[in-house]
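Residue numbers (the numbering used here): 11 to 469.
A quick write-up on the structure given underneath.
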Ligand code: ARG
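Have a look at this one:
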């Protein structure tokens, strides 16, 4: 079978180049979008009189038959099928004959592929969004079920202040919420139809682009044909979206991997989300989370790959743009599999409050003492210094801040009163932080209510 563009060539394509050039091995996934675009385009051609009603019907029926072959897995790809657009058109010709050759009137694969990828992405975004909400729901459920559990909060991975486990977990809810918002925002820029841009300069047959866009479910049409065929910003945006989402998931995974170690023992993964070792019978490894962390490399890599491809491209379409698809597909596939796994890990996670409680070292209360002195009028910086001396004293004695006596404290500062031990209480320290956004139970309850409201309204 001769090529779509074979007319001016006197010689066959080098076989290696044919392989190098071909995208059918991966862009076959666009067949639903490609055929939907072609059906709508055939109708548009009929409206401007390029196709008779009979021809349009033959083309539409033929395209539906091609789609059915893909659906059934019976579509036979030929070595000469460069890409999905070529393959569909070739098969349409075999099925309906000469009329198939009229479908491409005024259209180029350049506006066709840009349209296909956008349609394809629009079909996958709702699925990703739903999976992301699944992780958020698991987080909210788990936080709510363990509202009374305290744990050490860390900065620099050093014990800092006591917090609620729910507060730690909910911090990831808000990262993911921003990811949901970014996804909704970028979807507006995906929903722009390039069809009618043709090769680069626009459509000669006066097709009604607005009607085409409405038929295909796009919000808008592109305003510039050169931009239409070469804009891959929307792919860069979703790849960045994914890279940042992956970064958030990776940080959650890292915390949980650490908290699940024998040394921490704060949490335990369900068997369904762990694997064993081929040599060490005792091992229960958090592979689910390690891969959620590890996949970040390829997802960030996919973003960098695309940006590197786009940088320095001459105006309008260049074949380099064919390199947009594999990073996109890989990233979407990765997240679609990973997000429900992360949701499952969180939903089935076992919490060990007693292990968290035993990690609450007295030093986590040092700030309480400094705050105590501040309430008694001492400048915080001075109080900070005095409490530092108390920490040192306790360290020298091998005891905790709670074991120092009132006299010990008073020797460090006359501002300490008989009631100093009242502030040396983990629960009290947590409940003190009651300003909105803090770790006090009431504040975390309000946070969870806000999270639920967001989940309900943005369904
Ligand atoms: N397979 C190509 C791609 O993905 C389709 C567009 C080809 N256009 C062209 N003028 N060769 O970008």
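Don't be surprised by glycine CBs; every beta carbon is placed ideally from N, CA and C.
If you're wondering where the values come from, they're calculated on a predicted model, not measured in any experiment.
- The beta carbon of residue 240 sits no closer than 6 Å to any heavy atom of the ligand ARG.
- Taken atom to atom, the span from the alpha-carbon of residue 141 to that of residue 356 is near 13 Å.
- Every alpha helix (DSSP H) of 4 residues or more that sits fully in the region 319 to 384 is shown, in chain order, as 335 to 358 and 363 to 368.
- Here residue 80 is buried. Its C-beta has 16 or more other C-beta atoms within 10 Å.
- Taken through DSSP and simplified to helix, strand or coil, residue 430 comes out as helix.
- Rounded to whole angstroms, the gap between the alpha carbons of residue 121 and residue 209 is 6 Å.
- In the assembly as shown, residue 89 is an exposed residue. Its beta-carbon has fewer than 16 other beta-carbons within 10 Å.
- A Cβ-Cβ contact shorter than 7 Å links residue 416 with residue 428.
- Straight-line spacing of the CA atoms in residue 58 and residue 247 works out to 36 Å.
- Membership of residue 187 in the alpha helix (DSSP H) is indicated by the continuous run 175 to 200.
- Here the alpha carbons of residue 50 and residue 198 stand approximately 21 Å from one another.
- For a cut-off of 8 Å, the C-beta gap from residue 464 to residue 450 is around 21 Å, too long to register as a contact.
- Collapsing the DSSP output to three states places residue 230 in a strand.
- Shown here, residue 464 sits in a helix according to DSSP, grouped into three states.
- Remark: the C-beta of residue 123 is in contact range of the ligand ARG, defined as less than 6 Å to any heavy atom.
- Remark: the shortest separation between the CB of residue 243 and any heavy atom of the ligand ARG does not fall under 6 Å.
- With a cutoff of 6 Å, residue 119 counts as near the ligand ARG, since its C-beta is closer than that to a heavy atom of the ligand.
- In this structure, the CA atom of residue 114 is about 19 Å from the CA atom of residue 37.
- Its Cα nearest to that of residue 207, the residue 123 stands out among 281, 123 and 349.
- Residue state for residue 170 is assigned as strand, using DSSP reduced to three classes.
- Apart from sequence neighbours up to five positions away, the residues of its chain that approach residue 125 with a beta-carbon distance below 8 Å are 43, 47, 203, 204, 205 and 226, ordered along the chain.
- Residue pairing by DSSP places residue 295 opposite 285 in a beta bridge.
- Closest option to residue 319, judged by alpha-carbon separation, among 337, 462 and 61: 337.
- Ranking 333, 443 and 438 by CA distance to the CA of residue 33 puts 333 first.
- If you check the CB distance, residue 259 and residue 299 do not come in under 7 Å.
- The alpha-carbon of residue 132 is positioned some 24 Å away from that of residue 302.
- Less than 7 Å divides the Cβ of residue 249 from the Cβ of residue 312.
- By the neighbour-count criterion, in which 16 or more other beta carbons inside 10 Å mark a residue as buried, residue 136 falls on the exposed side.
- Residue 236 sits away from residue 118, with the two beta carbons spaced by 7 Å or more.
- The shortest CA-to-CA distance from residue 363 to any of 220, 419, 277 and 405 is the one to 277.
- The three-state secondary structure of residue 92, taken from DSSP, is coil.
- Residue 41 has no beta-bridge partner at all, per DSSP.
- With 16 or more other Cβ atoms from the protein chains shown falling within 10 Å of its own Cβ, residue 178 counts as buried.
- Between residue 130 and residue 94, the CB-CB gap reaches or exceeds 7 Å.
- Measuring C-alpha to C-alpha distances from residue 339 to each of 280, 328 and 316 identifies 316 as the nearest.
- Annotation: the continuous alpha helix (DSSP H) that includes residue 405 extends over 390 to 407.
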